[in-house]
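Below you'll find the structure, written out as structure tokens, and then a few comments.
2 protein chains.
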Amino acid sequence: MSKRPATLIVLDRNKRESLQTQLAVSLKELVQARVLAPGAAVPSSRDLAGDLRISRNTVIQAYDRLIGEGYLEPSARRGLFVSESLTEKILSRTGLSNASTTVSRFVFQQNSEKLGMPVPFRPCQPDVRLFPLALWNRMRTRALRSYGTHLLHYQSELTLGFPSLRRTLATYLRESRGVQCDWHQVAITTGSQQALYLLAHLLLRPESRVAMEDPGYLGARFAWQRTGARLIPVSIDAEGMRLPPDKRFSAELVYTTPSRQFPTGACLSLSRRLSLVEFAARTNAWIIEDDYDSEFRYSRPPLPSLQSLDSSGRVIYIGSMSKVLFPSLRIGYVVLPASLVQEFTALRSVLDDHGPLIDQATLAQFIDAGAFYSHIRRSRRAYGERLQTFIESASKLLLPLSFPYIDGGMNLTGFLDSTEDDRECSDRLKSIGIEIPALSQYSLRPTRPGLVFGFTAFEQRTTQESMKRVALAFQGRRKGHRGEPAH
Amino acid sequence: MSKRPATLIVLDRNKRESLQTQLAVSLKELVQARVLAPGAAVPSSRDLAGDLRISRNTVIQAYDRLIGEGYLEPSARRGLFVSESLTEKILSRTGLSNASTTVSRFVFQQNSEKLGMPVPFRPCQPDVRLFPLALWNRMRTRALRSYGTHLLHYQSELTLGFPSLRRTLATYLRESRGVQCDWHQVAITTGSQQALYLLAHLLLRPESRVAMEDPGYLGARFAWQRTGARLIPVSIDAEGMRLPPDKRFSAELVYTTPSRQFPTGACLSLSRRLSLVEFAARTNAWIIEDDYDSEFRYSRPPLPSLQSLDSSGRVIYIGSMSKVLFPSLRIGYVVLPASLVQEFTALRSVLDDHGPLIDQATLAQFIDAGAFYSHIRRSRRAYGERLQTFIESASKLLLPLSFPYIDGGMNLTGFLDSTEDDRECSDRLKSIGIEIPALSQYSLRPTRPGLVFGFTAFEQRTTQESMKRVALAFQGRRKGHRGEPAH
């Protein structure tokens, strides 16, 4: 061939793509631009490699790829040539100017993943730097060694998750939270969000009545709303959610976060727990107990889970590994009443069948080896210290906030004076790079204003410095208010 | 203390659980059985370690775990003692006989994971032994090194997947299948099943009309049925799906597998493709193009994707890594028309937010490094040989089956004589350990009987031997039929 395509190909070793990929893309562009027309022979791999000063193997691999994609065809007589059966459609479609002899290039963003760390004081964020990733990776290797390539296969009947993980979790939940269950009732989900979605679609119909804590968890609210259910906001006080005392009160479903109400932090008292369980048994309502961060307690031992108090099988227990391990793992779980297992499985199998298995097998190893407990212990210690730092900084700086519930969890809600506008506060903080959602953002009805601080992901110094900026923002505003002439 | 709990504790180094876990469980059982009553002191870690002949560290870790779970409490004066605030509920709930002094044990199944390899001739199964797992693991390490702990965090705005993977896939699909898209249109899903579920819920209402290939893919059918949509079966012939020629024919959604119709294997002809795209443009119908195994072609180059032929933005393209890489990875993808991106994101975020990120970052590395293409090439070569073996074995053994579509994919449908009952055939084969689904199982209406063989997961010898067993089953039956006296 007369034209030497090598003169039109520019490869760049600093690019994110391999030389092989760059070469394959360039060759396709040359085909699309008709520099290499259908039926034309392409240079031998030896020639092209020489022209481009790259290894011959790279050229062979790029050619192989183009053969596979139908751009090139091998011929015993002529070597490799551009496929004549390439349709006009493929040739004209790829958005390149047709007759151009200079080859346009896809522009890739370099270093384009702007993955962020949580900004102070974003709620519900674990400090993933505490996570023993190297140990996790060893457990992954161990799981792959134990199960071999079997772990890569499609496995029927794993819709509810990897059996050894379900068993291990059942034991953990029985022991640590008193949850009454057999492992067949434990289902692994893609985060707790998927459990909420699935339960919403199993248990609710349009116009179903869902009682939920107000303020409450938005992920849950959105799941109920998708079904067309009606939301019944339930107030929170120091003893947690307070169902209306009216005996005629009814709901198909009650959603609650009893260990530490999200976002206020109130703990559901034992007497309220017992009456909630009694309500469910009496009215045949479902209760969803979202125990999202019960692992993090810094002083007194936890109250028993609602599920452990229930003898009528109406409490559904949900938990998550997002906070105990790391969020991007996307593993949550739900303990289902036996009566729901079959329907739940059927819906899950249509929804996405099941989640990735290697992670599930790894997690089972991680728990069985005791690493799970050590990590909880280590995180709890670190977070307990951070909680102290947080409270000390806030009280030293005389923030105009009161923090009534400071005994656990990952977040602290600071209540503002009732005349304040918490969204305005939150927006102002956001403008100086501080992320503290307004309590009213989580509310269905007007609520006492407040700000929801997370404290677990931030080291002592970050907390202290960020707290000073929060204090300055509050002071600046008060000065501004005072200095503002009334006209 | 007088009683030495060590005499009641039996640890077993051969068990799946670590000694620490076994010890923690045993101690809890002793508490629950009141051998260690609330307020009682527990032995020092040194004493207990000595009695049990285990390391003191193991005891300390088990104690730490029980402190964390509220069973034990440290006291400056008395060392460690059983928590007095443990409620009766926790004590009585765990299913143990209360006053027993011998400790009952949880019975764990040993080696209980019966992970199976696919049985011949299960359809749609890649041979995961071909997968370069070591290389994949290196790419995972590389991804973790590039992004560090950022990859473990919750990341907002990743509902549609990890950006570098979405970009890489957009390039791959543009180049290999002519798919017209910007990377913002590419969404990563938990297998292609989740894409089907999400699209069903976005695009269909009860009584919506869905035209789908008959016989067709069950995972898709189940997704449509969940919405209450009405299914309109569309026949298949040698040119693939044949929409009714009646100009008044309408459907909100058409589902098709044009590259290789599942399960028959027919390829949608170019003229049918063009008229399908024209139908969608004219009637404003959506088309879902499920390109589930287009990577596996053994002779002629692929026809352009439907999506590449469409200029009205009505074709939604779906693909999967389950067959190209490995099924338990659970990564699929969908290329959305720009008009659907926002709604799709909103539904996905309520459903489960997003899938695990480490796998997605690993896959992006795997593709960028060229390993993806090498693996496709290697698999294609192996599967091409297996296809030959399959066809040779079937024809040598004179199976009473005709295989009209043998140019690609992972499955071959063998049509039976129209008087045969394919379910009865399939059941009989199942009884001798051969798994070949009946074609009628995939059908909405009575269909020509057939059997759907997968050939990709089985080595030459397995195929040859299994085929002999299939042939024997057919012969046995015919002999049986002949020998049966007519009475």
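Going line by line, the protein sequences match chains A and B.
Oh and the first sequence: position 184 is 184 in the working numbering, straight run, nothing missing.
Add 1000 to the 1-based position in the second sequence for the working numbering, that's all there is to it.
By construction, the Cβ of each residue, glycine as well, lies at the ideal position given by its N, Cα and C atoms.
These numbers come from a predicted model, not from an experiment.
Since residue i and residue j are thought to touch, with beta carbons under 8 Å apart, how far apart are those beta carbons, to the nearest angstrom?
{"i": "Val315/A", "j": "Ile287/A", "result": "5 Å"}
{"i": "Val1082/B", "j": "Pro1038/B", "result": "5 Å"}
{"i": "Arg1297/B", "j": "Gly1408/B", "result": "4 Å"}
{"i": "Leu1357/B", "j": "Gln1185/B", "result": "Between Gln1185/B and Leu1357/B the Cβ distance is about 20 Å, and since that is not below 8 Å, they are no contact."}
{"i": "Ala24/A", "j": "Ala62/A", "result": "4 Å"}
{"i": "Leu151/A", "j": "Ala285/A", "result": "40 Å between Cβ atoms; not a contact."}
{"i": "Pro1327/B", "j": "Tyr154/A", "result": "4 Å"}
{"i": "Ala1457/B", "j": "Pro1126/B", "result": "7 Å"}
{"i": "Leu1066/B", "j": "Lys1015/B", "result": "Not confirmed; about 19 Å, so no contact."}
{"i": "Ala41/A", "j": "Leu80/A", "result": "7 Å"}
Can you confirm whether residue i, when its beta carbon is compared against all beta carbons of chain A, has any partner nearer than 9 Å?
{"i": "Leu1357/B", "result": "yes"}
{"i": "Cys1124/B", "result": "yes"}
{"i": "Glu1017/B", "result": "yes"}
{"i": "Thr1149/B", "result": "yes"}
{"i": "His1500/B", "result": "Coverage of chain B is limited to positions 1001 through 1487, which leaves residue 1500/B absent and any answer about it impossible."}
{"i": "Glu1424/B", "result": "no"}
{"i": "Ser1322/B", "result": "yes"}
{"i": "Ser1374/B", "result": "yes"}
{"i": "Pro1258/B", "result": "no"}
For residue i, decide whether its Cβ has a neighbour in chain B, counting only Cβ atoms nearer than 9 Å.
{"i": "Met117/A", "result": "yes"}
{"i": "Leu347/A", "result": "yes"}
{"i": "Leu363/A", "result": "no"}
{"i": "Lys430/A", "result": "no"}
{"i": "Asp368/A", "result": "yes"}
{"i": "Val350/A", "result": "yes"}
{"i": "Thr189/A", "result": "yes"}
{"i": "Ala41/A", "result": "no"}
{"i": "Gly384/A", "result": "no"}
{"i": "Ser312/A", "result": "no"}
Please name the residue in the options whose C-alpha comes closest to that of residue i.
{"i": "Ser1208/B", "options": "Cys1181/B, Val1254/B and Arg1177/B", "result": "Val1254/B"}
{"i": "Gly157/A", "options": "Ser349/A, Asp310/A and Val470/A", "result": "Reading off the sequence shown, one finds Glu at residue 157/A, where the question assumed Gly. Closest option to Glu157/A, Cα to Cα, is Ser349/A."}
{"i": "Pro1263/B", "options": "Ala1471/B, Asp1290/B and Asp1359/B", "result": "Asp1290/B"}
{"i": "Cys1267/B", "options": "Phe1458/B, Lys1396/B, Leu1412/B and Phe1372/B", "result": "Leu1412/B"}
{"i": "Arg386/A", "options": "Thr58/A, Phe121/A, Glu252/A and Ala200/A", "result": "Phe121/A"}
{"i": "Gln1475/B", "options": "Gln1388/B, Pro1400/B, Gln1180/B and Arg1461/B", "result": "Pro1400/B"}
{"i": "Ile331/A", "options": "Ala364/A, Gln261/A and Leu429/A", "result": "Ala364/A"}
{"i": "Ser1271/B", "options": "Gly1240/B, Glu1069/B and Pro1301/B", "result": "Gly1240/B"}
{"i": "Met321/A", "options": "Ile67/A, Ile434/A and Phe131/A", "result": "Phe131/A"}
{"i": "Pro301/A", "options": "Asp1214/B, Glu1073/B, Leu1030/B and Ala1049/B", "result": "Glu1073/B"}
{"i": "Gly1265/B", "options": "Thr1283/B, Arg1273/B and Asp1293/B", "result": "Asp1293/B"}
{"i": "Gly454/A", "options": "Leu30/A, Gly414/A and Arg461/A", "result": "Gly414/A"}
{"i": "Glu252/A", "options": "Ala238/A, Leu231/A and Ser269/A", "result": "Leu231/A"}
Rounded to a whole number of angstroms, what is the C-alpha to C-alpha distance between residue i and residue j?
{"i": "Ala1187/B", "j": "Gln1307/B", "result": "16 Å"}
{"i": "Asp1427/B", "j": "Gln1441/B", "result": "12 Å"}
{"i": "Pro1404/B", "j": "Asp1310/B", "result": "29 Å"}
{"i": "Glu1142/B", "j": "Ser146/A", "result": "The question names Glu, but residue 1142/B in the sequence shown is Arg. So the alpha carbons of these two residues sit roughly 24 Å apart."}
{"i": "Pro1446/B", "j": "Val1234/B", "result": "12 Å"}
{"i": "Ser1192/B", "j": "Leu351/A", "result": "10 Å"}
{"i": "Leu1196/B", "j": "Leu202/A", "result": "19 Å"}
{"i": "Ala1473/B", "j": "Leu1398/B", "result": "13 Å"}
{"i": "Ala281/A", "j": "Arg248/A", "result": "14 Å"}
{"i": "Val128/A", "j": "Gln388/A", "result": "20 Å"}
{"i": "Gln22/A", "j": "Val1179/B", "result": "19 Å"}
{"i": "Arg1477/B", "j": "Arg167/A", "result": "44 Å"}
{"i": "Pro1163/B", "j": "Leu115/A", "result": "10 Å"}
{"i": "Trp136/A", "j": "Glu1017/B", "result": "17 Å"}
{"i": "Ser500/A", "j": "Glu84/A", "result": "It is not possible to answer for residue 500/A, since the shown part of chain A is limited to 1 through 487."}
{"i": "Met1117/B", "j": "Pro258/A", "result": "44 Å"}
{"i": "Ile1436/B", "j": "Cys1181/B", "result": "38 Å"}
{"i": "Ala1394/B", "j": "Met1467/B", "result": "7 Å"}
{"i": "Ser1431/B", "j": "Ala1223/B", "result": "30 Å"}
{"i": "Leu1173/B", "j": "Ile1318/B", "result": "11 Å"}
Practice prompt. Entirely within the segment 292-375 of chain A and at least 3 residues each: give me those beta strand (DSSP E) ranges in chain order.
Written response: 315-320 and 332-335
Practice prompt. Scan the segment 175-236 of chain A and note each continuous beta strand (DSSP E) run of 3 residues or more that stays entirely inside, going in chain order.
Written response: 186-189, 209-213 and 230-234
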